[in-house]
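Engineer:
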Amino acid sequence: MTRTEINAAARHERRLLWRGNRGLYALLEAARHTGPIVRVPRLGWVVTDPVLARRVLNDHAHFTMAGEGGVGHLWTQLFGDEMAQFFGGARHAEIRTRARDLFTEDSARALVARSQGPHHEALAARLAAGVTADVADAARVLAGRLVADLLGLPADRPDAAYRDVFAAGERLAGLAMGTAASTVLAPGTLARARAIVTELTTGVDEGYRTAGPDTLLGRCREMDLGLPLTRGLATLLVIAGTETGASGTVRTAALLHDTGQQRALLADPGLMANAVREGLRVSTPAPVIGRHVAGDTTVDGRTLRAGDRILLLTYLATNGAGPFDITREYVPETRQLWFGGGRHLCLGAAVARTQVARMLETLLAAGRPYRVVSRRASSRVLVPAYAELRVQIPR
Ligand code: HEM
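Heads up, the sequence shown is in this note's numbering, so the first residue is 473 and it goes up one at a time.
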């Protein structure tokens with residue numbers, strides 16, 4: 473990997489952030505040179521240090537997802553107080569415990585194989601035949617198929633149906649774009665959000681009644697969660713599992729190409745887990761995590777007051793370790809901060825890692841490096857992503 477390749481990869485990533493979300497880009501640029509924790513007018517506290525960020529995520533007594541500044545606040549406005557129980561209360565621990573076996577490494581492999589396997593095989597065959605394929609579009613369809621499986625929706629629809637699932641999730645997430653300074657949603661925004669939720673959860677009522685006990689909806693019924701909370705959780709899965717997963721998958725494919733490290737991975741497939749970890753670390757598809765300060769506390773000598781907001785800039789915290797390098801060892805300070813930390817640590821982490829690995833395996837299945845023919849960044853999105861990444865395997 474040459475210095476030119478490293479710089480090119482970093483340039484593409486910066487462009488993605490800039491095109492996707494100017495506010496986020498400006499915040500990340502400004503915070504690059506500040507201390508580990510600073511107070512920013514209108515935004516609140518901003519943390520850039522990985523160890524401090526994890527400390528905040530683990531301190532549930534002083535920092536919460538519910539309340540102004542936390543993503544739980546947005547969900548509670550949409551789904552009512554029952555959703556607040558998920559983000560803040562004992563119900564959360566119960567649901568996580570009861571759903572754990574659905575999200576293990578083995579379950580993740582089975583889920584990805586079931587919902588995406590035939591598509592990966594078809595994509596590998598097209599690439600091997602010299603056809604140019606859009607990895608970004610494929611990742612959106614695959615993410616839509618994956619959450620459709622989790623929600624008990626039919627698996628036999630044409631790709632367009634799953635593109636729609638993805639697009640609905642993207643529109644819903646997009647409504648959170650203006651919430652950097654306040655997580656209170658305007659009535660018009662709430663109405664638009666409710667309409668999208670209705671569209672996304674059409675299959676949930678039926679699934680809640682009839683789905684088997686080994687499905688997410690079946691588990692919700694066994695726990696007697698009720699339909700409103702089940703609809704809320706189903707929507708949470710769509711939002712949490714689509715944009716981030718697709719963004720991380722496609723950006724990892726681009727980083728592998730741009731840094732010239734596909735050759736190393738082809739030579740040693742044992743580096744796959746590292747490649748996936750590095751791709752997710754460098755892209756950090758959830759670049760900011762917000763929390764509400766629930767009680768007075770100190771962080772790194774600074775006094776935070778109850779009612780303050782705090783933004784953890786995970787993108788900077790994880791990228792401090794250096795550029796994408798598939799031979800990099802596990803970074804203990806960073807751990808898996810791109811998946812958050814503490815009790816809200818990403819439930820779909822194994823699913824996400826499996827998805828990325830599966831896509832890289834597909835792109836490299838012909839045993840030869842792929843070439844990015846053209847690319848386009850998404851504009852005005854919550855999660856910076858490629859709208860298009862067309863690749864080809866030269867003969
Ligand atoms: C690369 C892909 C992904 C990334 C970077 C990611 C990142 C995150 C992060 C940072 C959080 C914590 C948010 C917070 O603390 O405020 C989170 C939570 C969550 N994620 Fe993921 N995620 C990814 C993929 C997925 C997938 C594929 C699924 C489901 C299939 C999923 C399901 C969830 C759920 C349900 C939560 C909420 C957990 C809780 O509150 O207990 N995620 N994710």
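By construction, the Cβ of each residue, glycine as well, lies at the ideal position given by its N, Cα and C atoms.
Would you say leucine 776 and valine 760 are within 8 angstroms of each other, going by their C-beta atoms?
Structural biologist: To locate residue 776, count along the sequence shown from 1; it is residue 304. To locate residue 760, count along the sequence shown from 1; it is residue 288. No, these two residues do not count as a Cβ contact at 8 angstroms.
Engineer: Go to histidine 534, then tell me how far its alpha helix (DSSP H) extends in each direction, as first and last residue.
Structural biologist: To locate residue 534, count along the sequence shown from 1; it is residue 62. Element bounds for histidine 534: n/a, residue is neither H nor E.
Engineer: Cα separation between glycine 779 and alanine 627?
Structural biologist: Along the sequence shown, read from residue 1 onward, the residue named residue 779 stands at position 307. Along the sequence shown, read from residue 1 onward, the residue named residue 627 stands at position 155. Distance between the alpha carbons of glycine 779 and alanine 627 is about 45 angstroms.
Engineer: Answer yes or no: do glycine 720 and leucine 752 have a C-beta to C-beta separation smaller than 8 angstroms?
Structural biologist: Within the sequence shown, numbered from 1, the residue matching residue 720 stands at position 248. Within the sequence shown, numbered from 1, the residue matching residue 752 stands at position 280. Closer than 8 angstroms, so yes.
Engineer: Let me know the secondary structure DSSP gives threonine 506 once reduced to three states.
Structural biologist: In the sequence shown, counting from the first residue as 1, residue 506 sits at position 34. Reduced to three states, the DSSP call for threonine 506 is coil.
Engineer: Given that a residue counts as buried once 16 or more other Cβ atoms are within 10 Å of its Cβ, and exposed if not, what is histidine 592?
Structural biologist: Reading the sequence shown from its first residue, position 120 is the one you call residue 592. Classification of histidine 592: buried, given that the 10 Å Cβ count is 16 or more.
Engineer: Does the Cβ of histidine 545 have 16 or more other Cβ atoms within 10 Å, making it buried, or fewer, making it exposed?
Structural biologist: For this step, residue 545 is matched to residue 73 along the sequence shown. Histidine 545 is buried by the Cβ-count criterion.
Engineer: Less than 7 angstroms between the CB of glycine 624 and some heavy atom of the ligand HEM, yes or no?
Structural biologist: Position 152 of the sequence shown holds residue 624. Checking every heavy atom of the ligand HEM against the Cβ of glycine 624, none is found closer than 7 angstroms.
Engineer: What's the call for histidine 505, buried or exposed, on a 16-neighbour Cβ count within 10 Å?
Structural biologist: Stepping through the sequence shown from its first residue, residue 505 is reached at position 33. That one is exposed.
Engineer: Can you tell me which of the three DSSP states arginine 774 falls into?
Structural biologist: The sequence position of residue 774 within the sequence shown is 302, counting from 1. In this structure, arginine 774 counts as strand in the three-state DSSP scheme.
Engineer: Using only the alpha-carbon positions, how far apart do threonine 731 and proline 659 sit?
Structural biologist: The residue you call residue 731 lines up with position 259 of the sequence shown. The residue you call residue 659 lines up with position 187 of the sequence shown. Rounded to the nearest angstrom, the two C-alpha atoms are 46 angstroms apart.
Engineer: Mapping DSSP to helix, strand and coil, what is serine 851?
Structural biologist: Position 379 of the sequence shown holds residue 851. Note: serine 851 maps to coil in three-state DSSP.
Engineer: Please report the residue range of the beta strand (DSSP E) in which isoleucine 761 lies.
Structural biologist: For the purposes of this step, residue 761 is taken as the residue at position 289 of the sequence shown. First-last of the beta strand (DSSP E) with isoleucine 761: 761 to 765.
Engineer: Assuming glutamate 715 and alanine 838 are in contact, meaning their beta carbons sit under 8 angstroms apart, how far apart are those beta carbons, in whole angstroms?
Structural biologist: In the sequence shown, counting from the first residue as 1, residue 715 sits at position 243. In the sequence shown, counting from the first residue as 1, residue 838 sits at position 366. Actually they do not touch by this definition, with Cβ atoms about 29 angstroms apart.
Engineer: For the ligand HEM, is there any heavy atom lying closer than 7 angstroms to the beta carbon of arginine 598?
Structural biologist: Along the sequence shown, one-based indexing puts residue 598 at 126. Arginine 598: no, Cβ never under 7 angstroms from the ligand HEM.
Engineer: Would you say the beta carbon of arginine 612 comes nearer than 7 angstroms to a heavy atom of the ligand HEM?
Structural biologist: Position 140 of the sequence shown holds residue 612. Every heavy atom of the ligand HEM is 7 angstroms or more from the Cβ of arginine 612, so no.
Engineer: Could you tell me which residues DSSP pairs with glycine 516 in its beta bridges?
Structural biologist: Position 44 of the sequence shown, counted from the start, is the residue given in the question as residue 516. Partner(s): Val512.
Engineer: Shortest alpha-carbon distance to alanine 538 belongs to which of His484, His564 and Arg526?
Structural biologist: Walking along the sequence shown from the start, residue 538 turns up at place 66. Answer by Cα proximity: His564.
Engineer: With three or more C-beta pairs closer than 8 angstroms as the rule, is the stretch 616 to 631 touching the stretch 852 to 866?
Structural biologist: The stretch 852 to 866, when compared against the stretch 616 to 631, does not touch it at the 8 angstroms Cβ threshold.
Engineer: Give every residue of the same chain whose Cβ lies closer than 8 angstroms to the Cβ of aspartate 621, excluding the five residues on either side of it in the sequence, and list them in chain order.
Structural biologist: Translated into positions along the sequence shown, residue 621 becomes position 149. Cβ within range, chain order: Leu583, Arg586, Ser587 and Ala627.
Engineer: Quick one: which unbroken alpha helix (DSSP H) runs of 4-plus residues sit fully inside the stretch 589 to 644? Chain order, please.
Structural biologist: Entirely contained in the stretch 589 to 644, the alpha helix (DSSP H) runs reaching 4 residues are, in chain order, 607 to 622.
Engineer: Between the Cα of aspartate 772 and those of Gln808, Arg572, Val528 and Val828, spot the shortest distance and give me the residue it belongs to.
Structural biologist: For this step, residue 772 is matched to residue 300 along the sequence shown. Answer by Cα proximity: Val528.
Engineer: By the DSSP assignment, the alpha helix (DSSP H) with arginine 483 in it spans what residues?
Structural biologist: Residue numbering aside, residue 483 sits at position 11 when the sequence shown is read from its first letter. Taken as a continuous stretch (DSSP letters only), the alpha helix (DSSP H) holding arginine 483 covers 475 to 492.
Engineer: Please determine whether the Cβ atom of leucine 819 lies at a distance below 7 angstroms from any heavy atom of the ligand HEM.
Structural biologist: Position 347 of the sequence shown, counting from 1, holds the residue named residue 819. Correct: leucine 819 has its Cβ closer than 7 angstroms to the ligand HEM.
Engineer: Assuming the contact rule is C-beta atoms closer than 8 angstroms, leucine 785 and threonine 536 should be a hit. Round their C-beta distance to whole Å, please.
Structural biologist: Walking along the sequence shown from the start, residue 785 turns up at place 313. Walking along the sequence shown from the start, residue 536 turns up at place 64. 19 angstroms between Cβ atoms; not a contact.
Engineer: Under a three-way DSSP split, which group does glutamate 860 fall into?
Structural biologist: Here residue 860 refers to the residue found at position 388 when the sequence shown is read from its first residue. Glutamate 860 falls in the strand class under three-state DSSP.
Engineer: Between the C-alpha atoms of phenylalanine 796 and valine 754, what's the straight-line distance to the nearest angstrom?
Structural biologist: As a working mapping, residue 796 is identified with position 324 in the sequence shown. As a working mapping, residue 754 is identified with position 282 in the sequence shown. Approximately 6 angstroms, taken between the alpha carbons.
Engineer: With a threshold of 7 angstroms (Cβ to nearest heavy atom), would histidine 592 be considered close to the ligand HEM?
Structural biologist: If you number the sequence shown from 1, residue 592 lands on position 120. Answer for histidine 592: no, Cβ out of range of the ligand HEM.
Engineer: Figure out for me which residue from Leu689, Glu860, Thr687 and Gly704 has the closest Cα to the Cα of isoleucine 668.
Structural biologist: Counted from its first residue, the sequence shown places residue 668 at position 196. Per the Cα distances, Gly704.
Engineer: Name the one or two DSSP bridge partners that leucine 784 has.
Structural biologist: Position 312 of the sequence shown, counted from the start, is the residue given in the question as residue 784. Val519 and Ile761.
Engineer: Can you tell me the Cα-Cα spacing of methionine 695 and histidine 729, whole angstroms?
Structural biologist: As a working mapping, residue 695 is identified with position 223 in the sequence shown. As a working mapping, residue 729 is identified with position 257 in the sequence shown. Approximately 46 angstroms, taken between the alpha carbons.
Engineer: Return the bridge partner residues of serine 755 from the DSSP annotation.
Structural biologist: Residue numbering aside, residue 755 sits at position 283 when the sequence shown is read from its first letter. BP columns for serine 755 are empty, so no partner.
Engineer: Do alanine 571 and leucine 688 come within 8 angstroms of each other at the CB atom, strictly closer than that value?
Structural biologist: Within the sequence shown, numbered from 1, the residue matching residue 688 stands at position 216. Within the sequence shown, numbered from 1, the residue matching residue 571 stands at position 99. Going by C-beta atoms, leucine 688 is nearer than 8 angstroms to alanine 571.
Engineer: Within 10 angstroms of its Cβ, does arginine 886 collect 16 or more other Cβ (buried), or is it exposed?
Structural biologist: Outside the shown range of the chain, which is 473 to 867, sits residue 886, and nothing can be said about it.
Engineer: Histidine 534 and threonine 769 - do their beta-carbons sit closer together than 8 angstroms?
Structural biologist: Within the sequence shown, residue 769 is the residue found at index 297, counting from 1. Within the sequence shown, residue 534 is the residue found at index 62, counting from 1. Closer than 8 angstroms, so yes.
Engineer: If the criterion is Cβ atoms closer than 8 angstroms, does the pair arginine 691 and proline 685 meet it?
Structural biologist: For the purposes of this step, residue 691 is taken as the residue at position 219 of the sequence shown. For the purposes of this step, residue 685 is taken as the residue at position 213 of the sequence shown. Cβ distance < 8 angstroms, so arginine 691 and proline 685 count as in contact.
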